[in-house]
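Just so you know, we're using our numbering here: the sequence shown kicks off at 155 and counts up by one.
Note that CB positions come from ideal geometry on N, CA and C, so glycine has one too.
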Amino acid sequence: MDAATLGLVAPLLRWPSAFMLCFFPTNAINIAAVSVASIVTSLNPRQRSRPRRTPSLNCTCSSSRQAGRMPTAPLPQFSSSVKLKYVKLGYQYLVNNFLSLLLLPVMAAVSLELVHRGPGEMVELWESLRVDLIHVLCYLFAIVFVSTVYFMSRPRPVYLVDYACFKPPATCRVPFSTFMEHARLIYPNEKSVRFQMRILERSGLGEETCLPPANHYLPPKPTMEASRDEAQLVIFSAIDDLVRKTGLKPKDIDILIVNCSLFSPTPSLSAMIINKYKLRSNIRSFNLSGMGCSAGLISIDLARDLLQAHPSSKALVISTEIITPNFYPGNERAMLLPNCLFRMGAAAILLSNRRRDARRAKYRLVHVLRTHKGAEDRAYRCVYQEEDSEGNSGINLSKDLMSIAGDALKSNITTLGPLVLPMSEQLLFFLTLVVRKVINPKWKPYIPDFKQAFEHFCIHAGGRAVIDELQKNLDLSAEHVEASRMTLHRFGNTSSSSLWYELNYIESKGRMRRGDRLWQIAFGSGFKCNSAVWKCMRTVKTPVDGPWANCIHRYPVHIPEVVKL
């Protein structure tokens, strides 16, 4: 480094304090100091638990009168006057913008030094920085080569062009009174009837959920023909709606993925769609079964991988659950729960990796993370299809379901956190982890604030207990889980398609803005916890065409803890 370059850098060492005062105002420094002090105090249990004594105002006044002076109030406790929310905001701003704030005084120092230099010194500096043409061409070639390799090796963006959800007809509606009347006629055991009534009272479901036509018979008719009829009704209706909204032509579909956990006929549901819409003979089709309520995000992950391998392609994803063949007529309580919670529904999603679809796409897929706990026997059997002692087939939901779901969620968000959380939250999590490992293993672990990473949350509407537990553990507000609660109330547990009913609720409320980030999280048998992160490409305008179109004005509604039947 020559004398001219040294002369340019030297002022940075002479003026640090002046530029720190210029670009870091006193208020910002105070907020940052209080933020750091609060963090240190929170990490030290002795300081946090030690009470702070403050002098009494009466004592101060009496001593002041004795001394013949005016009474003075005690100094205010600054740390207690600043709300914790603003302290954390200051900390987040300081950490997340540290490099930008550090760059400002450096740029100002360089600018001032250049202003104070004379023409001769500027010419001398320019001469010292000149290089020959050969070096310039070599540098340009290296930059172009590295840029080309980077752009060719990075993954292709996957866009969600649009989606459509099946809206059940009013003839399939099952009010509480109808459900309980049928239960009394079907089940001779009064205990089974009362148990289902208690579950329904606390389920969070409303009066407008729907069951397929076969379940309206007395007794229900879970035949293969009725199951196929339900599959055709929900799947074809969703696809027709998607075709109408996007102008999609059957010959444009390159990839077809269908997921349905409990109904897997031969030919498959994907073959049924190919036959109905006369899709191309070289289409890549997949039919996923037995993967539970999280299979919708597994289908999205599979579609993403296929779109990475096949450029300029479109993928159609169908998520549904067929209710007809899964009615349980027995008396095992753990197997009666699905009768009370699951309802009919389906969603059709159009994905594309074409650049020209980016302008009309609603969302861009950012991350898909999958967690599988099937290696543990307890997790493997917590959602298990089996026969009871009387030979009746059904789904057995274990009492350990919530604790197993919590373990799977913990593993999933541990992987997701570093990908989406801002640096401030990651630093707090790291400091807490160090304290737990080095100082106090019993220290409460820090739960990252995922509200800093996402504006919207779509939690699988598997039941009220699932939504309550995630709201509590992730410290979410009532508005953050509103879409999940209202979807459960209006449509029930529609299995893998419930996430798309929730997304449609958010859009129908006019809350989705360009740049917003969305977290979809679902649980499924096995046991699995899967997450998908989307970024909104354009503001969604209301009114939104979909299953909420004629009832969104009535929501949100108050959902009591218990609905007496």
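Excluding its 5 nearest sequence neighbours in each direction, T525 has C-beta neighbours in its own chain below 6 Å: A562, S565, N566 and C683, listed in chain order. By alpha-carbon distance to A368, the top candidate from C447, E362, E361 and E384 is E384.
Annotation: P404 to A425 spans about 14 Å, alpha carbon to alpha carbon. Residue burial is scored here from C-beta neighbours: E541 has fewer than 16 other C-beta atoms within 10 angstroms and is therefore classed as exposed. DSSP, reduced to helix, strand and coil, places S331 within a helical segment of the structure shown. I601 sits in coil when the DSSP states are folded into three classes, being neither helix nor strand. Remark: C-beta atoms of A515 and L653 do not approach each other more closely than 8 Å. Out of G680, V574, R513 and S443, the CA that lies nearest to the CA of S552 is found in G680. If you keep only unbroken alpha helix (DSSP H) runs of at least 4 residues inside the segment 481–556, you get 487–495 and 531–534. A distance below 8 Å separates the beta carbons of G484 and G548. Between the segment 368–377 and the segment 427–442 there are fewer than three inter-stretch CB-CB distances shorter than 8 Å, so the stretches are not counted as touching. For the pair of segments examined, the segment 689–706 was found not to touch the segment 621–634: the number of CB pairs separated by less than 8 Å stays below three. Going by beta carbons, F349 and R487 fall inside the 8 Å limit. The C-beta distance from I706 to S651 rounds to 18 Å, too long to fall under 8 Å, and the pair is not in contact. Exclusion of the five residues before and after R338 leaves V347 as the residues of its chain whose Cβ lies within less than 6 Å of its Cβ.
At a Cβ-Cβ threshold of 8 Å, F608 and W702 do not count as neighbours. In this structure, the alpha-carbon of P421 lies about 11 Å from that of R382. Cβ-Cβ separation between D316 and L396: approximately 7 Å, consistent with a contact (criterion under 8 Å). By the CB criterion at 8 Å, R518 and T363 fall outside the cutoff. Under the three-state reduction of DSSP, C705 is assigned to coil, being neither helix nor strand. Within the same chain, Cβ atoms closer than 7 Å to the Cβ of R458 are found at V312, L519 and V522, the five residues on either side in sequence being excluded. Under the DSSP definition of a beta bridge, Q674 partners with C612 and A686.
Residue pairing for F440: DSSP places it in a beta bridge opposite I411. Burial state of F481 is buried, judged by a 10 Å Cβ sphere holding 16 or more other Cβ atoms. Partner residues in the beta bridge of I472, as assigned by DSSP, are V412 and A502. At a Cβ-Cβ threshold of 8 Å, C612 and A637 count as neighbours.
V315 sits in a strand when the DSSP states are folded into three classes.
Here DSSP, grouped into helix, strand and coil, assigns N343 to coil. Taking 8 Å as the cut-off, the Cβ atoms of T478 and P366 count as close.
DSSP places N594 outside both helix and strand once states are collapsed to three, so it counts as coil.
Nearest in C-alpha terms to K605, of all of V592, W597, L630 and L587, is L630. C447 is positioned such that its CB atom lies closer than 8 Å to that of A676. A straight line joining the alpha-carbon of P273 with that of L279 spans about 10 Å. When DSSP reads this structure, C364 sits in a beta bridge with R327. Contact check for L495 against S331 fails: the beta carbons are separated by 8 Å or more. Only residues of its own chain outside the window of five on either side were considered, and among them E362 and C364 have a CB closer than 7 Å to the CB of R327, listed in chain order.
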